[in-house]
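Counting from 7, one number per residue, gives the positions in the sequence shown under my numbering.
Glycine residues also receive a C-beta, built at the ideal position from the N, C-alpha and C atoms.
All figures in this text were calculated on a predicted structure; none of them were measured in a lab.
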Amino acid sequence: MGRGTFARSPHNRPSHTRPRGVRRTPEGRYVEADGIRWTDAEPPVATRTDAPLALADLLRIPPGEPMFTYDALQTADHGRLRQLHRTYVPFSGLIDSKYEEEAPPPAPELYGALADLGHELHFTEYIRTRMPLPDQAQALRLPDGVPVLHVIRVTLAASDKPLALEEFHLPGDELELMFRL
7 MGRGTFARSP
17 HNRPSHTRPR
27 GVRRTPEGRY
37 VEADGIRWTD
47 AEPPVATRTD
57 APLALADLLR
67 IPPGEPMFTY
77 DALQTADHGR
87 LRQLHRTYVP
97 FSGLIDSKYE
107 EEAPPPAPEL
117 YGALADLGHE
127 LHFTEYIRTR
137 MPLPDQAQAL
147 RLPDGVPVLH
157 VIRVTLAASD
167 KPLALEEFHL
177 PGDELELMFR
187 L
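Right, dumping it as structure tokens:
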């Protein structure tokens with residue numbers, strides 16, 4: 007006894023339900039809908055990367071276009087909750103702004119910076135499950151066989167022009183996502 011597979015009941019509720027999306031506070035700040043106070047394990051640093059084909063397609067830019075990229079391991083609830091968060095901002099969306107010479111702030115401050123440039127923002131999220139890469143499993147402290155939820159959020163201007171893209175990798179066990187429609 008004690009060997010084999012542990013099957014969870016399909017009727018059990020998960021440990022965490024996370025509202026998805028972005029909302030604007032009465033003060034005009036953009037915040038995550040989940041209300042969780044995420045802390046970056048280390049301060050995010052902007053690096054320059056080139057747009058890979060899959061992301062270029064979502065951002066509607068040519069593959070290889072330069073982008074600012076931020077990577078962060080984020081924790082909450084004394085480290086019990088963990089997520090990987092990556093932000094991409096194409097250089098082409100920053101032309102004729104102060105961010106042509108300096109990196110824009112990472113999300114969620116990025117949303118306010120884009121709004122200050124005159125953009126009316128809205129967001130689209132794409133969600134899928136997949137098995138994590140080894141470094142993702144280690145950073146998220148996932149046991150073998152646990153998938154991640156891979157969330158891609160595209161920040162769009164009122165004209166539907168993509169301005170930024172974020173990737174979130176969340177532990178796929180004991181988590182459900184909630185959307186208010």
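Would you mind reading off the limits of the beta strand (DSSP E) that contains residue i?
i    : result
P168 : 168-177
Y105 : First-last for Y105: undefined, no H or E at that position.
I158 : 154-162
T130 : 128-136
V37  : 36-38
Compare the Cα-Cα distances from residue i to each of the options and report the closest residue.
i    : options               : result
D63  : G178, A164, I158      : I158
P114 : P177, P32, R43        : R43
L176 : T135, R30, A60, D166  : T135
T45  : L65, D56, D77, P58    : D77
T81  : L187, E48, T130, R54  : E48
M137 : L127, A57, G151       : G151
E106 : R88, F74, H125        : F74
A163 : H128, D141, L59, E172 : H128
L181 : L59, P58, R88         : R88
D56  : A39, R86, S98, V28    : S98
R29  : S165, E126, R147      : E126
G27  : D166, H84, E172       : E172
D122 : G41, H156, P111       : P111
Quick one: is residue i buried, meaning 16 or more other Cβ sit within 10 Å of its Cβ, or exposed?
i    : result
T161 : buried
V154 : buried
L116 : buried
Q144 : exposed
P50  : buried
G70  : exposed
P58  : exposed
Short check: CB of residue i to CB of residue j, under 9 Å?
i    : j    : result
I133 : L183 : yes
H91  : F185 : no
L65  : P168 : yes
P72  : R54  : yes
Y94  : L61  : yes
R35  : G124 : no
A170 : A109 : no
Who are residue i's beta bridge partners in DSSP?
i   : result
P72 : D56
A78 : H91
P96 : M73
T45 : T81
Residue i lies in the alpha helix (DSSP H); which residues open and close that run?
i    : result
E115 : 115-122
L146 : 140-146
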